[in-house]
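Those protein sequence lines, which keep their order, are chains U and L.
With my numbering applied, the first sequence corresponds to residues 122 to 318, in that order.
With my numbering applied, the second sequence corresponds to residues 122 to 318, in that order.
Glycine included, every Cβ here is placed at the ideal spot set by N, Cα and C.
Remember, it's a predicted structure, so these values are computed and weren't measured experimentally.
2 protein chains.
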Amino acid sequence: MKKNDPIQEKILNAAEKRMIKFGYRKVTMDEIASDLHMSKNTIYKLFAGKEEIAKALVKRLQQQLDETMDNIEKRYEDPMKIFSGSILLLRSQLGPWFEHFFSEMPAELPGLWEEFLHFRNEKILSIRSLIEKGSKNGIFRGVNPSIATEAYLGAIKAVTNPRFLEQEKITFEQALDAVYNIWSYGIVDLSDSHVTI
Amino acid sequence: MKKNDPIQEKILNAAEKRMIKFGYRKVTMDEIASDLHMSKNTIYKLFAGKEEIAKALVKRLQQQLDETMDNIEKRYEDPMKIFSGSILLLRSQLGPWFEHFFSEMPAELPGLWEEFLHFRNEKILSIRSLIEKGSKNGIFRGVNPSIATEAYLGAIKAVTNPRFLEQEKITFEQALDAVYNIWSYGIVDLSDSHVTI
DNA sequence: CCTATAAATACTAATTATGTATTTTAAGTA
DNA sequence: TACTTAAAATACATAATTAGTATTTATAGG
């Protein structure tokens, strides 16, 4: 793993703090600089511009996700634990970004957004092996792995679509919880079932 | 009570939503208009400008505080209930405004901020009669009402000072909780006291 | 079809932000 | 002390955005 310039990291931390709170557009370079008691020139010496900072932030976020995901997969054997751990990870790591930053991205930084979608699709596909494994072990019931993977992919795609979230007036976290619930327990409520044997 | 134009209210609601979230400066008239699917001209027909909207918002907030405060004072007899009720009211009604809007105000809208300080001082002074009442009834212990009032006023002043909040890196709610705690239970922790009789 | 009203759009002047150039300050070094 | 380096502070030019206004288009009622 490449270790980055600690000053770069500080700049990214300050930018991240503000951009999670306000999104990309409303954060100015002056604000980032003054948060750090740092000259704007120092920032421009390390980053070509505001957009470069956003790119670096997304890249760092992806690295962090990768890292934590790897740890989860290494730590646990049980596919169900990995599955729920991954969902929890997405919830906590990605959730705050969706409030402002990611919901702006498709319009403000379409190129970067495309890149992120690409990353997302790649990562989500890694769930396929997990579902196949769980299917073999009988944990995920007699579910067709291909269908399950495709359905899961579709669900996550929908949930990570800022337009959808805004339309439904729900947070990323709420949407993710719903997906997790369906995947874990199904959509039929058996607690007060009308079905009689 | 004067009943306002419902369209004005809608505009204020939209502005309030955004300005609580982003502060005064970062909210644009275009955003407010498009949130409401409304022409900017319609807004400018009802409000002279952006600053007028902020003034109306603060005025409305003050009216709401007044109203709820009156209800609390009418509903309860016990001064302690009124006291804790008032603190809780400030916490919930005023808290969200301090995150961005009020912390910007001294710099962005100094005139309006002065007005608000004036309102605050007036309202807080009404606590004097409450403390006097509580003192007589023995609820507030043998506390000098003048000193208690002045001290309380000072505490609230400090807590409603955006610069102080930023310096201490605490939220308005946290600061208010601390004041409430001191006022209710004192600052000496008797639970594990070193004082022996 | 006419009128009134407000949304949608277009526009101007003023403000603000990005990115760069210049000056000041500060800390270390010969 | 004088010199050097590096970054902060300041100033600035150009590009972009915003407040506020004027104009056009859409819509609903008579």
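Contacts that residue i makes with chain U (C-beta to C-beta distance below 8 Å)
{"i": "PHE143 of chain L", "result": "PHE143 and LYS147"}
Cβ-based burial, residue i [other Cβ within 10 Å; buried from 16]
{"i": "HIS239 of chain L", "result": "exposed"}
{"i": "ILE252 of chain U", "result": "buried"}
{"i": "GLY275 of chain U", "result": "exposed"}
{"i": "ALA169 of chain U", "result": "exposed"}
{"i": "ILE303 of chain L", "result": "exposed"}
{"i": "TYR320 of chain L", "result": "The requested residue 320 of chain L does not occur in the structure, where chain L is confined to residues 122 to 318."}
{"i": "ASN125 of chain U", "result": "exposed"}
{"i": "PHE261 of chain L", "result": "buried"}
Span of the alpha helix (DSSP H) around residue i
{"i": "LEU167 of chain L", "result": "161–167"}
{"i": "ASP298 of chain L", "result": "293–306"}
{"i": "TYR273 of chain L", "result": "266–280"}
{"i": "ASN192 of chain U", "result": "171–196"}
{"i": "GLY206 of chain L", "result": "200–220"}
{"i": "PHE261 of chain U", "result": "Counting along the chain, PHE261 of chain U falls outside any alpha helix (DSSP H), and DSSP gives it neither H nor E."}
{"i": "SER250 of chain L", "result": "248–257"}
{"i": "ASP151 of chain L", "result": "150–156"}
{"i": "LYS142 of chain L", "result": "127–143"}
{"i": "LEU286 of chain L", "result": "283–289"}
Between the CA atoms of residue j and residue i - distance to the nearest angstrom
{"i": "LEU182 of chain L", "j": "THR292 of chain U", "result": "27 Å"}
{"i": "GLU287 of chain U", "j": "SER207 of chain L", "result": "35 Å"}
{"i": "GLU243 of chain U", "j": "VAL179 of chain U", "result": "15 Å"}
{"i": "GLY259 of chain L", "j": "ALA177 of chain L", "result": "42 Å"}
{"i": "ARG212 of chain L", "j": "GLU294 of chain L", "result": "6 Å"}
{"i": "GLU130 of chain L", "j": "LEU186 of chain L", "result": "17 Å"}
{"i": "GLN184 of chain U", "j": "LEU233 of chain U", "result": "15 Å"}
{"i": "GLU322 of chain L", "j": "GLU220 of chain L", "result": "The question about residue 322 of chain L has no answer, for chain L in this structure spans 122 to 318."}
{"i": "ALA154 of chain U", "j": "GLU229 of chain L", "result": "20 Å"}
{"i": "LYS257 of chain U", "j": "SER250 of chain U", "result": "11 Å"}
{"i": "MET226 of chain L", "j": "MET150 of chain L", "result": "18 Å"}
{"i": "LYS161 of chain U", "j": "PHE222 of chain U", "result": "22 Å"}
{"i": "VAL148 of chain U", "j": "ARG139 of chain U", "result": "7 Å"}
{"i": "LEU75 of chain L", "j": "ILE128 of chain U", "result": "Any question about residue 75 of chain L goes unanswered here, given that chain L covers just 122 to 318."}
{"i": "ALA269 of chain L", "j": "LYS171 of chain L", "result": "40 Å"}
{"i": "LEU297 of chain U", "j": "ASP199 of chain L", "result": "46 Å"}
{"i": "SER247 of chain L", "j": "ILE174 of chain L", "result": "28 Å"}
{"i": "VAL264 of chain L", "j": "GLU271 of chain L", "result": "12 Å"}
{"i": "GLU194 of chain U", "j": "PRO266 of chain U", "result": "19 Å"}
{"i": "ASN192 of chain U", "j": "LYS254 of chain U", "result": "18 Å"}
{"i": "SER305 of chain L", "j": "LEU210 of chain L", "result": "16 Å"}
{"i": "ASP156 of chain L", "j": "PHE285 of chain U", "result": "17 Å"}
{"i": "SER224 of chain U", "j": "HIS158 of chain U", "result": "29 Å"}
{"i": "GLU289 of chain L", "j": "ILE245 of chain L", "result": "23 Å"}
{"i": "MET190 of chain L", "j": "ALA135 of chain L", "result": "25 Å"}
{"i": "PRO231 of chain U", "j": "GLU188 of chain U", "result": "26 Å"}
{"i": "SER314 of chain L", "j": "ALA299 of chain L", "result": "Its pLDDT being 46, under 50, SER314 of chain L is placed unreliably by the model, and the measurement read from it follows with that caveat. One C-alpha to the other measures close to 20 Å."}
{"i": "GLU152 of chain L", "j": "TYR301 of chain U", "result": "34 Å"}
Does the stretch 201–218 of chain L come into contact with the stretch 154–165 of chain L, if we say contact requires no fewer than three beta-carbon pairs (one atom in each stretch) closer than 8 Å? The stretch 201–218 of chain L is not in contact with the stretch 154–165 of chain L.
If we count Cβ pairs, one from each stretch, closer than 8 Å, do we get three or more for the stretch 224–242 of chain L versus the stretch 275–283 of chain L? Yes, since at least three Cβ pairs between the stretch 224–242 of chain L and the stretch 275–283 of chain L fall closer than 8 Å, the two stretches touch.
Under 8 Å: do the stretch 135–143 of chain U and the stretch 189–204 of chain U share three or more Cβ pairs, one atom per stretch? The stretch 135–143 of chain U is not in contact with the stretch 189–204 of chain U.
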